Structures are given as C-alpha cells and as structure tokens.
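These protein sequence lines map, in sequence, to chains U and V.
FYI, in the numbering used here the residues of the first sequence are 1 to 113.
FYI, in the numbering used here the residues of the second sequence are 1001 to 1116.
Reading through the structure tokens given below for one structure.
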Amino acid sequence: GDSVTQMEGPVTLSEEAFLTINCTYTATGYPSLFWYVQYPGEGLQLLLKATKADDKGSNKGFEATYRKETTSFHLEKGSVQVSDSAVYFCALSLPSGTYKYIFGTGTRLKVLA
Amino acid sequence: EAQVTQNPRYLITVTGKKLTVTCSQNMNHEYMSWYRQDPGLGLRQIYYSMNVEVTDKGDVPEGYKVSRKEKRNFPLILESPSPNQTSLYFCASSRSGDRPQIYGYTFGSGTRLTVV
C-alpha cells in the first residue's frame, strides 16, 4: 500500500551544520510530496512541497527535490540554526482528487548552540 | 489572519463523559479533516469532510463522530471517551479546486486530550 518512510530520529546537530532528513515513499500514480514542520506546542506548518517529478521545493533555506527514480524527497538545509529545532514530517497526497494524505512518523531535530 | 482554530487546547476528562472539540477555519476551505498524533505512529486520519454535509471515515474512525453543517466548522465528538483516545488531536483544512492534492493543509494548534 501507499506509505511514507522517514529516517529515525532524533537527529542532533551543532549550529551551522548541514542537515539531511531522508524520506522515501511508496505510492501508485504521481503523488504530491510535502514537508511539514512542528515546533514545540504547535500544529504542523507546511514547509515546502513539490507536485511533480524533478520539482524542487524550497522555503526558509530548506530544500527538497522530488526524485521519482528513487522515490525520495529528502529534506536538506545548508546551515541549521537553533531555531530549526522541531519535528519534521514528510507526507504525500494521492492524485485523482482523493484528498488522501499519508504522513511519515516524523523526525525530531535538535540543534545545539 | 488565515487560520484554523481549535478549542480547547487542553482537556482532561473521565471515561464515558461526552465531549466535543471544536474546529473552525476562516479560509473558505472546502476540505477539512481530523487527525490524531501518537508517539511512533505519526498522524492518523480520523474523519474528513469534502464539503458541507459530506463526511467520511479516515483510517481510525472508531469511537468518534463528526458533523459539517457549515463550511467553516467541523467539530469532533467523542460520545463515550475511553483512555485509548488519549492523544493529541489536530484539525486541518485545505482548498479544493481541480487538483486538491497539490495545496497542502493548514493545521490548527492541536488539542491535547487526556481520558482518565
């Protein structure tokens, strides 16, 4: 069935380090792919998205490229800050107007000063 | 400000006492949904609504009810809460259009429910 797999956390980095959070998916058809971020005590916020193969989503220094050949949508940031500490969720939405979204289990990122 | 508003933020209740968690959005979104978030399980969809008077079950609907009498409101009802419904609940909305799958959700801030 359709699914999203994220790397296990927590991920702990020093400030200004390079971040990669892996996300792979299994889906029929051509899903749209999303990254959401959840700061402590808050709801999820849409961070970036890509709606077709080879699209690159970007926002606030974060980037992810929709790779259909490897069914991946890895999140990257060149230099993390303490304020990036949060839980990151990879998600896909299925085509054909089903409104079905499937979320990964989330990856907690902790950035140390 | 465009937002999804949930109330209450925190709720402690006893087994069997009916409760309602309210959700309201001001973006004129057609699609609304309820999720629960549990450690190690991510987000699981409870119910969703594609428009007024149109609701359907998600992946974990047992023990929950919803209604969609107005476009902006989508309350979640627990008729007889049990301890296994202790969780963090999120309401979310999305616009529709020809390709609803491309827009992504706007989430509420969450309701932490404890059933004792």
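For glycine and all other residues, C-beta sits at the position ideal for the given N, C-alpha and C.
Computed from a predicted structure; not experimentally measured.
- When the Cα atoms are used, Ala113 (chain U) and Thr12 (chain U) turn out to be separated by approximately 11 Å.
- Going by beta carbons, Leu44 (chain U) and Phe1107 (chain V) fall inside the 7 Å limit.
- In this model, Thr71 (chain U) and Tyr1103 (chain V) are separated by some 20 Å (Cα to Cα).
- Using a Cβ distance threshold of 7 Å, Leu1088 (chain V) and Val1021 (chain V) do not count as a contacting pair.
- The criterion of a C-beta distance shorter than 7 Å is not satisfied by Glu15 (chain U) and Val87 (chain U).
- Boundaries cannot be given for Tyr1064 (chain V), as no beta strand (DSSP E) includes it and DSSP labels it neither H nor E.
- Within chain U, the residues whose beta carbon sits less than 7 Å from that of Ile1102 (chain V) are Ser32, Thr51, listed in sequence order.
- For the pair Thr20 (chain U) and Glu69 (chain U), the CB atoms are not nearer than the 7 Å cut-off.
- Membership of Met1032 (chain V) in the beta strand (DSSP E) is indicated by the continuous run 1031-1038.
- The Cβ atoms of Phe89 (chain U) and Tyr30 (chain U) do not sit closer than 7 Å to each other.
- Ser1049 (chain V) is positioned such that its CB atom lies closer than 7 Å to that of Arg1068 (chain V).
- Using a Cβ distance threshold of 7 Å, Val1004 (chain V) and Gln1025 (chain V) count as a contacting pair.
- Within chain U, the C-beta atoms nearer than 8 Å to that of Leu1041 (chain V) come from Thr105, in chain order.
- Scanning the stretch 6-89 of chain U for uninterrupted beta strand (DSSP E) segments of 3 residues or longer gives 11-14, 19-21, 23-26, 32-38, 44-50, 56-59, 62-65, 75-77, listed from N- to C-terminal end.
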